[in-house]
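Following UniProt numbering, the numbering of the sequence shown begins with 1 at its first residue and continues without gaps.
All C-beta atoms in this analysis are idealised placements derived from N, C-alpha and C, irrespective of residue type, glycine included.
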Amino acid sequence: MSLKFTAIYLRVSSRERALEGYGLEAQREKCDKWIDLYNIDSKNVRYYVDDGYSAKNLKRPKMQELLKDIRSGKVGKIITYKLDRLTRNVVDTYNLIKELDLHQCELAAIIDNLDITSANGRLFVGILSIIAQWEREVISERTIDGMVAMAQLGKYPFGSTPFGWCKDEFGRLHIDPTDSKIVLYAAERILEGHSLTYISSLIKREFGIYKSALTIKKELSNERLIGKFRYRENDYIGLIPAIMEEDKFMDLQKVLAFRQIHAPRHRKYIFHSKVYCKNCGCRMEQSCTTKGTTIYYYYCCPHCKARINQDKLLKSVLDPICDNMQSLREERLYREYEKKMIDLNTSIENVMMQYQNRELSQQAFALAMESLSDQMANLKKGWSIASLSKDTFHKADPLLKFQFVQSTVAKIVFDPFTKKHHQVEFKRVL
């Protein structure tokens with residue numbers, strides 16, 4: 001059987017890094033002196049160091065590695081500066097002692113002078129672990145109390161500053177003119193009817209930063225946008241300056257909630273989330289009926305109890321929608337498409353040239369070409385949507401019709417009683 005080694009476990013939490021006596025170097029020095037004192041061969045010693053981890057549980061990288069080595073029978077003794085370096089949890093301490101006893105592994109906590117081989121020693125370990133857990137809970141309570149006190153003084157209690165604001169030297173938040181502009185830009189695009197995924201790409205294009213669709217939704221759903229901040233069941237008004245008016249924020253939440261509930265499984269409703277009742281201003285809901293093998297799609301006002309057939313709605317609004325798209329194509333869309341196509345083809349030629357000159361590995365070449373091919377496919381797909389006309393629209397499949405309407409229309413105000421559209425609003429950004 002191979003000789004078991006001695007493990008030295010060192011740990012410091014983020015909070016303890018600056019406290020005297022708890023630094024990793026101080027712990028290492030004490031442990032090294034201890035092994036010299038007891039003539040332990042330093043060549044048979046391994047260090048396990050968790051830097052920046054608390055002891056509230058055993059889910060730490062090096063602690064897990066140490067436990068694995070103990071269970072494999074590789075560790076004969078563990079040396080640590082103090083018991084609370086291993087754990088501050090009573091249950092974890094009990095389970096750890098059982099593991100050590102099962103695998104015949106000794107434990108030495110230098111400051112605590114432990115002996116787990118006797119009943120009294122194990123009792124002492126239990127008492128120390130209870131004290132350590134109490135200390136951890138007291139620290140947690142003090143931290144919370146400190147953060148509540150900061151909030152009461154008008155200071156933002158968290159370390160990271162929320163997007164849209166900046167923090168001064170006193171811990172107070174102020175509106176950041178650049179970031180708040182991005183927040184309001186995203187909100188406007190949502191209200192215009194753009195998808196979160198598309199807004200993510202717009203922000204990347206316009207401001208040069210990446211924000212995922214999930215991040216955008218999370219930020220736009222937070223009440224701090226209107227100056228409300230809630231912490232530990234208390235509301236703090238005025239702690240965060242409002243970026244957005246409350247009415248606009250509530251409209252934004254309605255749109256986000258509606259999309260979540262009514263996100264269509266099939267893109268059969270080509271005017272999904274776009275149709276509003278002229279009579280009451282309510283967003284019209286979707287329904288369908290079946291006659292034989294034919295499905296008829298409707299947009300219904302839940303308040304006025306009136307509805308409009310999708311085909312009749314399309315007949316009413318298709319001309320202005322197609323005219324708007326044609327105008328955009330002539331003004332800028334074709335030029336943009338042509339420029340992007342030239343840029344992509346140039347990039348493809350450059351990548352192929354680099355590969356031929358052995359400047360790129362086969363793997364790098366394959367990855368680059370895959371990315372460029374995806375960009376080319378998306379560009380062509382976008383143009384196929386933008387190039388639809390009144391004549392080609394009726395021949396397109398339901399998905400292409402849906403994408404065409406969703407990409408250009410912001411809102412349709414329709415009178416369900418006269419069966420005529422009152423207003424069609426178009427998106428400003430495509």
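Rounded to whole angstroms, the gap between the alpha carbons of residue 9 and residue 37 is 18 Å. When the five nearest sequence neighbours on each side are left out, the beta carbons in the same chain lying within less than 6 Å of the beta carbon of residue 225 are those of 243, 244 and 249, in order along the chain.
Here the alpha carbons of residue 337 and residue 383 stand approximately 7 Å from one another. Beta-bridge partners assigned by DSSP to residue 327: none are found.
Judged by DSSP in its simplified three-state form, residue 254 adopts helix. Taking C-beta separations shorter than 6 Å and ignoring five residues to either side along the sequence, the partners of residue 180 in its chain run 164 and 243, following chain order. Counted as a single uninterrupted DSSP element, the alpha helix (DSSP H) harbouring residue 356 occupies residues 334 to 356.
By the beta-carbon neighbour count (other beta carbons within 10 angstroms, threshold 16), residue 417 is exposed.
When rounded, the separation of the alpha-carbon atoms in residue 92 and residue 106 is 17 Å. According to the DSSP assignment, residue 46 belongs to the beta strand (DSSP E) that extends over 45 to 51. About 6 Å separates the Cβ atoms of residue 220 and residue 187, confirming a contact at the 8 Å cut-off. According to the DSSP assignment, residue 382 belongs to the alpha helix (DSSP H) that extends over 362 to 386. One alpha carbon belongs to residue 200, the other to residue 218, and they sit about 13 Å apart. Every beta strand (DSSP E) of 3 residues or more that sits fully in the UniProt domain "Recombinase" (162 to 262) is shown, in chain order, as 165 to 167, 173 to 175, 228 to 231 and 234 to 237.
Here residue 104 is exposed. Its C-beta has fewer than 16 other C-beta atoms within 10 Å. Contiguous beta strand (DSSP E) elements confined to the region 55 to 124 occur at 75 to 80 and 106 to 109, taking only those with 3 or more residues. The DSSP-derived three-state label of residue 10 is strand. Around the beta carbon of residue 282, a 10 Å sphere encloses fewer than 16 other beta carbons of the protein chains shown; the residue is thus reported as exposed. Fewer than three pairs of CB atoms, one per stretch, sit closer than 8 Å, so the region 350 to 359 makes no contact with the region 315 to 329. With a contact defined as Cβ atoms closer than 8 Å, residue 206 and residue 427 miss out at about 14 Å. Under DSSP, the beta-bridge partners assigned to residue 413 are 276 and 423.
Two segments are said to touch when three or more pairs of C-beta atoms, one from each, lie closer than 8 Å; by this definition the region 271 to 279 touches the region 402 to 413. When only Cα atoms are considered, residue 295 and residue 197 end up about 30 Å apart. In the structure shown, residue 301 falls within a strand segment according to DSSP collapsed to helix, strand and coil. Using a Cβ distance threshold of 9 Å, residue 419 and residue 287 do not count as a contacting pair.
With at least 16 other beta carbons inside 10 angstroms of its own, residue 385 counts as buried. Rounded to the nearest angstrom, the gap between the Cα atoms of residue 215 and residue 222 is 11 Å.
Per DSSP, residue 282 has no beta-bridge partner at all. In the displayed model, residue 42 falls within a helix according to three-state DSSP. For residue 35, the enclosing alpha helix (DSSP H) covers residues 24 to 37. Shown here, residue 289 sits in a strand according to DSSP, grouped into three states.
In the three-state scheme derived from DSSP, where H, G and I count as helix and E and B as strand, residue 5 is classed as strand.
Secondary structure note for residue 407: its alpha helix (DSSP H) is the uninterrupted segment 398 to 408.
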